[in-house]
Amino acid sequence: MDFGPYLMLAMLEGAVLAAVLALMASGLSLVFGVMRVVNVAHGEFYMLGAVVAWAVTTLLGAGPVLNFVAALIVAPLVVGAMAAAADMVILKRLNYDPERTIVATIGLLYILQQLTLMTYGADARPVVAPFNERIALPWVEWGDKGLSFYFPWGLSTTSYKLFVIAAAVVLIAALKLFMAKTRAGLIMRATQGDREMATAFGVPVERVYALVFGGGAALAALAGVLIVPIQQAHYLMGGDALLLSFIVVIIGGLGSLSGTIVAAILIGLSDGIISVFFTPTLAKMIATLAVALVLVFRPQGLFGGTSR
Amino acid sequence: MSRRDLTLHLGLVAVLFLLHFILPAYHHGVLARIMVMAVYAIGYNIAFGYTGLLSLGHAMFFGAGLYGMGLAGLHYGVPAFPAFLIGTACGAALAFVVGLLALRTEGVSFMIVTLMFSQVAYLALLYFGAFTHGDDGFVVPDASRTLMGLSLSDEGTRYLVAWVLFSGALLGSLWLIRQPFGRVLIALRENEERARLLGYDTKRRKLAALVISGAVSAASGAAYAALFGYVGATFAGVQYSIFALLWVLLGGAGTVLGPFVGTLFMFYLIDLATGLTDAYMLIAGVALVGLTLFAPQGIVGELRRRFWKDLP
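Chains as they are written, first to last, in the working numbering: chain A, 1 to 308; chain B, 1 to 312.
Written out as structure tokens, the structure is:
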């Protein structure tokens, strides 16, 4: 394959990663924005989404489409409910003290991960995609005989990958609308703005927190369901995903949803492209170092405004 | 330093020395390992427990000691004691550089930045696998595991060397926090703003605390390489940063005995759990959540609260 089509392929793979990352990171960003809680267990909710999707499809045993739709509904609900329960049982009792909640969510990370290891096991298991047609992509090139138009071998994507991108776009647009237009979104933004003032105006802050924590986890679980037909479900898959979402949320500015989405596209695409030219280890190393330095020298993120 | 403090800590040191003669072989070996790892926890406690710097990346300092010692022995044939010093110096130097950058942040950002620097160090170990042997790790050559003609792989020698190192770290940290410098560190933890208003250069002291903490952690890593002879990247991974936090939280952050008590308890708890299940990290998770919820002061911290008000 020539360089041009190759780059295009890398960007397509990057776009899928960006879509999933944007979904997952907006959950992390929502939780940090509203609750000021850094949820280290976020990657495990993503992993649980994938594992629950596998469990649903195995138990249901219907056609691939029905299985997948069921997983898309059940996984976020189950995982969100678990997270909301964790919030009420653990985080609420810590009074959302930033440092102690981080320690507690690290504990939660190991609990969820190890319980999955004990029940689901150490194997990676696939979920069949609801549809998976191969779509060859055209390439345009200026050759000796003028403009030529052809389908290079290997330049293709699948309908499912395009669906993932579309689904993420729709879900994130819905999330933004929800936050901007609905009463529930208004209450969340009020809580984010000033917790005490919100309490004074009769906002049930504790219930909002449980819902936000559950909602953030549900977004991660959705990302997990979407990725599982492409990547198999494995009990350790949360680690890398967590690191990438942290990177995205920090670059985008902690707690800013729009910044998070821009950063997810940036990181997803560049990860796709960088990993074509460098080894994944070096790419991860450079990205992590860069983000740590962003946090040191520009804590409001590259796209964030002034920090409050 | 009050007489009671000294009696208590010297008492522990003496008991550990006596245990060398009476413990059965298995527990003798486990306790040697616990003492080496407790030194790591003591180092972590200087940053977290006394200065209030909650780092999630101390594994990089432990790893710097481990690899500094191990690589000096493997590639350059440096004998055990100089290699140990090289490892410790590596940790101190790394802590200095990391501190210069990471201490510009505080609180949650500090936690994430240290976590990320540590992750970079871990990935670097994998990336430069040709030199560091990456994930597989390597065995430290015997020439670098001989101290004054005694082989460090011999169990008796190993225990005693671990005991000397541990005693030094324990009494050293007791001494440190009774110094004016140590008291300033506690003041930083309690209220940094006020310490600054009193005229202390808080940045500099936090950096000094982090360098001491990094050096002690690295000393533990270097001793681990010398005594147990294996160097591998897992020791520099996130899990070992979390372990240090867990041990100190369990034993009691900001107490001199806490790191040892926490390491001792957690080692035996995980030892029991590995007999039951592969998912032994479950214990660590439950312990972390339980501790933050019910006993944020840890075992020794609770003792101090209830029985012995001025326990250091």
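We treat Cβ as the ideally placed atom computed from N, Cα and C, and that holds for glycine.
The model shown is predicted, which means the values in this text are computed figures rather than measured ones.
{"Query": "Could you tell me which residues DSSP puts in a beta bridge with residue 139(B)?", "Result": "230(B)"}
{"Query": "Let me see if you follow: with CB-CB separation under 8 Å, is residue 144(B) close to chain A or not?", "Result": "no"}
{"Query": "In three-state DSSP terms, what is residue 219(B)?", "Result": "helix"}
{"Query": "Please state whether DSSP places residue 307(A) in a helix, a strand or coil.", "Result": "For residue 307(A), the pLDDT reaches just 43, beneath the cut-off of 50, and the residue's location in the model is therefore unreliable, although a value from the coordinates is still provided. If DSSP states are grouped into helix, strand and coil, residue 307(A) belongs with coil."}
{"Query": "Would you tell me roughly how many angstroms separate the C-alpha atoms of residue 226(B) and residue 141(B), rounded to the nearest one?", "Result": "9 Å"}
{"Query": "DSSP state of residue 295(B), grouped into three classes?", "Result": "coil"}
{"Query": "Along the segment 117-128 of chain B, what residues have a CB closer than 8 Å to any CB found in chain A?", "Result": "117, 119, 120, 123, 124, 126 and 127"}
{"Query": "Under 8 Å between beta-carbons, which chain B residues line up against residue 100(A)? List them in chain order, please.", "Result": "292 and 296"}
{"Query": "Starting from the Cα of residue 237(B), find the closest Cα among 5(B), 127(B), 34(B) and 121(B) and give me that residue.", "Result": "121(B)"}
{"Query": "Are any of the Cβ atoms in chain B nearer than 8 Å to that of residue 296(A)?", "Result": "yes"}
{"Query": "Taking 8 Å as the cut-off, does the segment 30-44 of chain B touch the segment 178-193 of chain B (at least 3 CB pairs, one atom from each stretch)?", "Result": "no"}
{"Query": "Under a CB-based cut-off of 8 Å, is residue 120(A) close to chain B?", "Result": "no"}
{"Query": "Count the other C-beta atoms from every protein chain shown that fall within 10 angstroms of the C-beta of residue 100(A), then say buried if there are 16 or more, exposed otherwise.", "Result": "buried"}
{"Query": "Taking Cβ-Cβ distances shorter than 9 Å, what residues in chain B pair up with residue 134(A)?", "Result": "Result: empty, since nearest Cβ-Cβ is about 35 Å, beyond 9 Å."}
{"Query": "Could you have a look at residue 285(B) and say whether DSSP puts it in helix, strand or coil?", "Result": "helix"}
{"Query": "Could you have a look at residue 139(A) and say whether DSSP puts it in helix, strand or coil?", "Result": "strand"}
{"Query": "Taking 8 Å as the limit between beta carbons, can you name the residues of its chain near residue 81(B), skipping five residues before and five after?", "Result": "147"}
{"Query": "Give a yes or no on whether the minimum CB-CB distance between residue 277(B) and chain A is below 8 Å.", "Result": "yes"}
{"Query": "Please report the distance separating the alpha-carbon of residue 238(A) from that of residue 40(A).", "Result": "10 Å"}
{"Query": "Is any heavy atom in the ligand MN found nearer than 7 Å to the beta carbon of residue 177(B)?", "Result": "Looking at this structure, you won't find the ligand MN or any other ligand, since it has none at all."}
{"Query": "Run through DSSP, which three-state label would residue 105(B) get?", "Result": "coil"}
{"Query": "Three or more C-beta pairs under 8 Å: does that hold for the segment 100-112 of chain B against the segment 203-218 of chain B?", "Result": "yes"}
{"Query": "Does any CB atom of chain A fall closer than 8 Å to the CB of residue 105(B)?", "Result": "yes"}
{"Query": "Here's the rule I'm using: 16 or more other beta-carbon atoms within 10 Å means buried, otherwise exposed. How should residue 104(A) be labelled?", "Result": "buried"}
{"Query": "Per DSSP, what kind of secondary structure is residue 199(A) in: helix, strand or coil?", "Result": "helix"}
{"Query": "Is the Cβ-Cβ distance between residue 67(B) and residue 216(B) less than 8 Å?", "Result": "no"}
{"Query": "Between 164(A), 48(A) and 246(A), which has its C-alpha nearest residue 12(A)'s C-alpha?", "Result": "164(A)"}
{"Query": "Any C-beta of chain A within less than 8 Å: which residues of the segment 74-105 of chain B qualify?", "Result": "101, 102, 104 and 105"}
{"Query": "In whole angstroms, give me the CA-to-CA distance for residue 218(A) and residue 71(A).", "Result": "12 Å"}
{"Query": "Is there at least one Cβ from chain A nearer than 8 Å to residue 188(B)'s Cβ?", "Result": "no"}
{"Query": "Determine contact between the segment 209-224 of chain B and the segment 56-75 of chain B, defined as no fewer than three beta-carbon pairs at a distance below 8 Å.", "Result": "yes"}
{"Query": "Please confirm if residue 23(B) has its CB atom under 8 Å from at least one CB of chain A.", "Result": "no"}
{"Query": "When you compare only the Cα positions, how much space is there between residue 58(B) and residue 173(A)?", "Result": "40 Å"}
{"Query": "In chain A, what lies closer than 7 Å to residue 109(B) by C-beta?", "Result": "295 and 299"}
{"Query": "If you measure from the beta carbon of residue 113(B) to each beta carbon in chain A, is any gap under 8 Å?", "Result": "yes"}
{"Query": "Closer than 8 Å by beta-carbon distance: list the chain A residues that pair up with residue 231(B), in chain order.", "Result": "By Cβ distance, chain A contributes nothing, its closest Cβ being about 19 Å from residue 231(B), past 8 Å."}
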